[in-house]
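From first to last, the protein sequence lines stand for chains A and B. Our numbering puts the first residue of the first sequence at 1, with every later residue one more than the last. Our numbering puts the first residue of the second sequence at 1001, with every later residue one more than the last. Yeah, the Cβ is synthetic: ideal placement off N, Cα and C, and Gly gets one too. Here the structure is laid out as structure tokens; the discussion comes afterwards.
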Amino acid sequence: GAVVSQHPSWVICKSGTSVKIECRSLDFQATTMFWYRQFPKQSLMLMATSNEGSKATYEQGVEKDKFLINHASLTLSTLTVTSAHPEDSSFYICSARPGTQNTGELFFGEGSRLTVL
Amino acid sequence: RKEVEQDPGPFNVPEGATVAFNCTYSNSASQSFFWYRQDCRKEPKLLMSVYSSGNEDGRFTAQLNRASQYISLLIRDSKLSDSATYLCGARGSNTGKLIFGQGTTLQVKP
Chain A
1 GAVVSQHPSW
11 VICKSGTSVK
21 IECRSLDFQA
31 TTMFWYRQFP
41 KQSLMLMATS
51 NEGSKATYEQ
61 GVEKDKFLIN
71 HASLTLSTLT
81 VTSAHPEDSS
91 FYICSARPGT
101 QNTGELFFGE
111 GSRLTVL
Chain B
1001 RKEVEQDPGP
1011 FNVPEGATVA
1021 FNCTYSNSAS
1031 QSFFWYRQDC
1041 RKEPKLLMSV
1051 YSSGNEDGRF
1061 TAQLNRASQY
1071 ISLLIRDSKL
1081 SDSATYLCGA
1091 RGSNTGKLIF
1101 GQGTTLQVKP
């Protein structure tokens, strides 16, 4: 199957700093990528839809100024958690789908575990 | 009300048992449905897509009831390796967004 890679796999940072997470589709182009967040023992919550060359679409309740998304190329989307706080500690996972249609399997990255001290 | 709902469990079953999970969705515009498996601290992996006609893959059978807006997953002859969290997902064709339920935890015991 298609491969989606995330980096870093885990990161520990101090409160107030910003953290950037990268999501790459390694063997296909993706005009759309999705960012999810998962707290312990909870489900994956969709945060935003990342669109190549345009602004991301955020889900209700997700602060766009805190979670900056950039999708500058067809193989890379980045999520930056700005001024991170301990409550932002979570498992962040991206997913991508080959092509431009809204159908077909979504492939997930390995996830990035963020711990804010 | 959540867009996709599942019983979180946990379901504790002995090896060899048959176990069924249900999932309901509220958005009637949802077009595609999936079951994913997620192991602890890992990303979700697609288990199977769910079709209106029902589909089977080995010990796993998935069913979709559009009229009642629910999806089911049946696991026969449970193995220890089936222990995981099973996520139900619904996707709208317009947005392509995949929304998950909170997951159902299965623990298969010897």
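- With respect to Q1006(B), G1092(B) sits apart: the two C-beta atoms are not nearer than 7 Å.
- Closest in C-alpha terms to I93(A), from the list E87(A), I12(A), I69(A), G109(A), comes G109(A).
- Going by DSSP, L46(A) is part of the beta strand (DSSP E) stretching over 44-51.
- Distances from the alpha-carbon of A56(A) to those of W35(A), S5(A), T75(A) put W35(A) closest.
- Considering only S15(A), M33(A), E52(A), the residue with the shortest C-alpha distance to Q6(A) is M33(A).
- Rounded to the nearest whole angstrom, the C-alpha separation of T31(A) and A96(A) is 8 Å.
- Nearest in C-alpha terms to R113(A), of all of V4(A), G16(A), K20(A), is K20(A).
- Around the Cβ of A1020(B), a 10 Å sphere holds fewer than 16 other Cβ atoms; the residue is exposed.
- Here E52(A) has T31, H71, L74 as same chain residues with Cβ atoms under 6 Å from its own Cβ, once five neighbours each way along the sequence are excluded.
- With fewer than 16 other beta carbons inside 10 angstroms of its own, A1067(B) counts as exposed.
- Non-local C-beta neighbours of R1076(B) in its own chain, meaning closer than 7 Å and more than five positions away in sequence, comprise T1018, R1059, ordered along the chain.
- Residue range 67-73 is occupied by the beta strand (DSSP E) that includes H71(A).
- T17(A) counts as exposed, since fewer than 16 other beta carbons sit within 10 angstroms of its beta carbon.
- Along the stretch 1060-1086 of chain B, the beta strand (DSSP E) occurs as fully enclosed runs of 3 or more residues at 1060-1065, 1070-1075, listed in sequence order.
- The beta carbon of Q1107(B) does not come within 7 Å of any beta carbon belonging to chain A, so the residue lies off that interface.
- In the structure shown, D88(A) falls within a helical segment according to DSSP collapsed to helix, strand and coil.
- Here the alpha carbons of T1105(B) and P1014(B) stand approximately 14 Å from one another.
- In the structure shown, D1057(B) adopts extended strand secondary structure according to DSSP, grouped into three states.
- With fewer than 16 neighbouring CB atoms inside 10 Å of its own CB, W10(A) falls in the exposed class.
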